[in-house]
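Quick mapping for you: the protein sequence lines, in order, are chains X and A.
So the first sequence is numbered by my numbering: it starts at 25 and just counts up by one.
So the second sequence is numbered by my numbering: it starts at 25 and just counts up by one.
Just so you know, even glycine gets a beta-carbon here, dropped at the ideal spot from N, CA and C.
2 protein chains.
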Amino acid sequence: MALEKNGNGTTKSKHIVLTSHPNRFGPKPIPIHWGASDPLKRGAIIGTLTNSAQRNVIGSHSGAYGIYRALAVASGQLQADHRADLTNTAPADLVGPHAAWFDPQKIVSLDPFGALVGELYASLYETGYDIRPTIAVTQAHINMPELVEAIAKGRLQVDGKIMKQGGDLVVTKAAIEPVWYLPGIAQRLGVTESDLRRALFEQTGGMFPELVTRHDLHVFLPPIGGATVYVVGDPAAITDPTTPLAVRVHDECNGSDVFGSDICTCRPYLAHGIEACVQTAQEGGAGVIVYWRKEGRALGEVTKFLVYNARKRQEGGDRADAYFARTECVAGVQDMRFQELMPDVLHWLGITRIDRFISMSNMKYDAVIQSGIEIVERVPIPQDLIPLDAQVEIEAKKAAGYYSNGAVLSALGLAGVKGRDLSE
Amino acid sequence: MALEKNGNGTTKSKHIVLTSHPNRFGPKPIPIHWGASDPLKRGAIIGTLTNSAQRNVIGSHSGAYGIYRALAVASGQLQADHRADLTNTAPADLVGPHAAWFDPQKIVSLDPFGALVGELYASLYETGYDIRPTIAVTQAHINMPELVEAIAKGRLQVDGKIMKQGGDLVVTKAAIEPVWYLPGIAQRLGVTESDLRRALFEQTGGMFPELVTRHDLHVFLPPIGGATVYVVGDPAAITDPTTPLAVRVHDECNGSDVFGSDICTCRPYLAHGIEACVQTAQEGGAGVIVYWRKEGRALGEVTKFLVYNARKRQEGGDRADAYFARTECVAGVQDMRFQELMPDVLHWLGITRIDRFISMSNMKYDAVIQSGIEIVERVPIPQDLIPLDAQVEIEAKKAAGYYSNGAVLSALGLAGVKGRDLSE
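Here you go:
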């Protein structure tokens, strides 16, 4: 094998290893026993790119940002063998563990030990293993105009600890990268692991041949966005059965969440969810917002905008009775968010009961209930928070099974709920 | 070859083709002549997954959302051979073309024809090719609390056409997926195409072996987030040399953009940029916001939160003189956004001069100028929009070269700019 010295004196192969097959003679990577309660027996997730013999997963860390890392290495700005210095990065809170961490079926799409690798695998790290956190937990103050308005209108109170003067809200937050245990994902979706692996390979245009060649590796770091968790109030209250818990699970909608587009209810419902979290925390409980990077029902924003045009231009204009059909024409499905995987993050937090579930989605509700978490009350979006042009969406969703405490429209009624045309 | 009938009567190979090599005997895919002005000579971007002989790119459409598409196919919800019905999806505006579209060096990271494939390649589509838009253009009304406040305070006026009663802002918006012409990307970064391909393969844990085996395919659809463009005012004014243009190029920061975290200036500066866009549009010009999916300087949010903890906990606390060092410890670089590729979207819009550039970033400024676009004025963030805890960031950036019309602090001054500790 041709070797060359690189800049900092280490040697590097000139050969490109196309697909790494299990080493027949070399050292075996640390095995992963998913669901084991002893972190060392469970095994660290090792997605290093510097020592391929140590890798025990398919894919790499940081999701799709690995592409940018590649540009940084190609252009000489990042040393390919850089190993993260984890000094002072340990979680600010939310450390667990909870019973669900050790149930191999409760959590299959994230690593429950992901925030604690610096402590749990210190011995491996010290011997040179390139181990990286897949979860990071920090604390922050956030300030949203909607919360400031809620204070001004008397719906929220400043208490000086959770909600500070001026509307600053104190939160603990966690960023979570997906870590997929493929046998568990397959089981959750009701397919064989082999069919899942094949689809993941083929439907991405051939990403990661190891999905179909390395059946000895069962953990996949998919290059998709993960989730961010915001906790309001005392994190200990999340798992305390005597205190109330409010939860909103929100799927990214950049056009509304950031820019306030009036075609949907995303940001208004998110703000309402945070308001409910603050109220519940001030009652001595806690509030949890989970923000998932699943733009446009996980179809992406290009598809979303194509559907907007098709809705606005179809014969009869944008109307609730044709709301889902237009998405299906363009995308082949109405929705691709797979809420079946979503409850994992709730189990990571140790949640077993949600007192106020700030969502009307029957898909989210069903997934949470089926995962064994109790939901006491469902809170729909207040009517006065729904933008005029978003009536099409909300009435279509209610007719399709979304939770509502009001009337659900008939087919004729749905046809009468119309949105704005393009250029209006 | 073993064939089986699937549900809808078509046949499907049971074999998995691991890495598709150029077909020696079969029909060749449509060649791509990057930069050609005739769309048919340039060639359609074909990332179909149903007919591998027709593919002329590496990767697949919808970026990372291809992973969710794989779940939909695996679970039987989406037919693997679904082809998008593009009826009524054509762009609502912004159709071009502009001179830069036909300069193979001006645009290398998106397909300038990407919004028009339904029209330009209708003949191919009708003969069965699975051709998909990589850009979608629609129109919307947006409403942000900051803009409503700007109206209340008299900084913005309601004109009934651009800014409507109640603060509804009329915009044209475009979602753009990355389409990378690898020789052009390599040239932009100053590396060989071969080194770029190798890094993209190796630094992603072996994603897409075709990057290193298929040197006949030069176009790559990377599974990363793209950009969203918001245009305020008459899109024709963007390229009219007699009317003013305001531009902000904004990189995603979910914690601030959506939740209003006070550790940085992202959302306040974005809102200020939109305000400048409205003012410029009302003067008869136009305003452009480009929103890039590059969370945490394209390092991802887990890395970002790890860095927050390291900043807050380091000896001496969070301070401007150690701002960049903490990112470098964890990530190996200070920044991974590669602004070198960013101006492509401005060239797609036909921009040649920016009157008001709402950004202090020297990296963005340099990239825009070097791409041949003139910048008349740079507009820093107003001091009263900077959250208290974000002083650490803004002072560190100014000392590192960010544009400012005020004083830049000395090393001693930087050490004195301190942020909040964790748990404060």
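- Going by DSSP, Gly279 of chain A is part of no beta strand (DSSP E) but of the alpha helix (DSSP H) stretching over 278-281.
- In the structure shown, the three-state DSSP call for Thr351 of chain A is helix.
- Minimum Cα-Cα distance from Asn386 of chain X among the listed residues X:Arg93, X:Leu110, X:Leu365, X:Lys422 corresponds to X:Lys422.
- Gly374 of chain A and Val273 of chain X have their C-alpha atoms spaced approximately 40 Å apart.
- The alpha-carbon separation between Phe244 of chain X and Asp281 of chain X amounts to approximately 30 Å.
- Residues of the stretch 126-137 of chain A whose Cβ lies closer than 8 Å to any Cβ of chain X: none.
- Looking at the backbone, the Cα of Val369 of chain A and that of Ala260 of chain X are separated by about 47 Å.
- Runs of alpha helix (DSSP H) with 4 or more residues, each lying fully within the stretch 197-269 of chain X, are found at 206-213, 217-226, 234-237, listed in chain order.
- Closest option to Asp240 of chain X, judged by alpha-carbon separation, among X:Glu217, X:Glu201, X:Gly440: X:Glu217.
- Judged by their CB atoms, Asp345 of chain A and Ala439 of chain A are nearer to each other than the 9 Å cut-off.
- For Leu446 of chain X, same chain residues with a beta-carbon under 8 Å away, outside a window of 5 residues either side, are Asn333, Lys336, Arg337 in chain order.
- Secondary structure in the stretch 384-439 of chain A: the beta strand (DSSP E) runs of 3 residues or longer, each lying completely within the stretch, are 398-402 in chain order.
- DSSP links Met187 of chain X through a beta bridge to X:Leu193.
- Listed as beta-bridge partners of Thr162 of chain A by DSSP are A:Lys197.
- Among the residues of chain X, none has a CB under 7 Å from the CB of Pro63 of chain A; the nearest is roughly 19 Å distant.
- The straight-line gap separating the alpha-carbon atoms of Ser133 of chain X and Val357 of chain A is approximately 29 Å.
- By the beta-carbon neighbour count (other beta carbons within 10 angstroms, threshold 16), Pro268 of chain A is buried.
- Burial is judged here by how many other beta carbons sit within 10 angstroms of a residue's own beta carbon; Arg377 of chain X has fewer than 16 and is exposed.
- Not a single CB atom of chain X sits nearer than 9 Å to the CB of Pro207 of chain A.
- By a beta-carbon distance limit of 8 Å, Val302 of chain X contacts Leu180 of chain X. Their separation comes to about 6 Å.
- For Gln394 of chain A, the closest Cβ of chain X is not nearer than 9 Å.
- Any Cβ of chain A closer than 9 Å to the Cβ of Pro259 of chain X would place that residue at the interface, and such an atom is absent.
- DSSP places Gly311 of chain A in the strand class (E or B) of the three-state scheme.
- Against chain A, a Cβ distance below 8 Å from Cys301 of chain X picks out nothing, because the smallest value is about 12 Å.
- Taking a Cβ-Cβ threshold of 7 Å, the residues of chain A close to Phe232 of chain X are Gly230, Met231, in chain order.
- Near chain X, meaning a CB-to-CB distance below 9 Å, the residues of the stretch 140-172 of chain A are Arg156, Pro157, Thr158, Ile159, Ala160, Val161, Thr162, Gln163, Ala164, His165, Ile166, Asn167, Met168, Pro169, Glu170, Leu171, Val172.
- Collapsing the DSSP output to three states places Gly59 of chain X in coil.
- Gly340 of chain X and Ala349 of chain X have their C-alpha atoms spaced approximately 14 Å apart.
- In this structure Thr252 of chain A touches Glu325 of chain X by the C-beta definition: roughly 6 Å separates them, less than 8 Å.
- Here Leu436 of chain X is not near Met360 of chain A, since their CB atoms are 9 Å or more apart.
- Beta-bridge partners assigned by DSSP to Trp316 of chain A: A:Ala251, A:Asp275.
- In the three-state DSSP reduction, Ile40 of chain X falls in the coil class, being neither helix nor strand.
- When beta bridges are read from the DSSP output, Ser99 of chain A appears opposite no residue.
- Residue range 290-306 is occupied by the alpha helix (DSSP H) that includes Ile298 of chain A.
- Within the stretch 84-103 of chain X, the residues whose Cβ lies closer than 7 Å to some Cβ of chain A are Ser84, Ser86, Gly87, Ala88, Tyr89, Gly90, Ile91, Tyr92, Arg93, Ala94, Leu95, Ala96, Val97, Ala98, Ser99, Gln101, Leu102, Gln103, listed in chain order.
- For the 9 Å CB-CB criterion, Ser285 of chain X and Ala160 of chain A do not form a contact.
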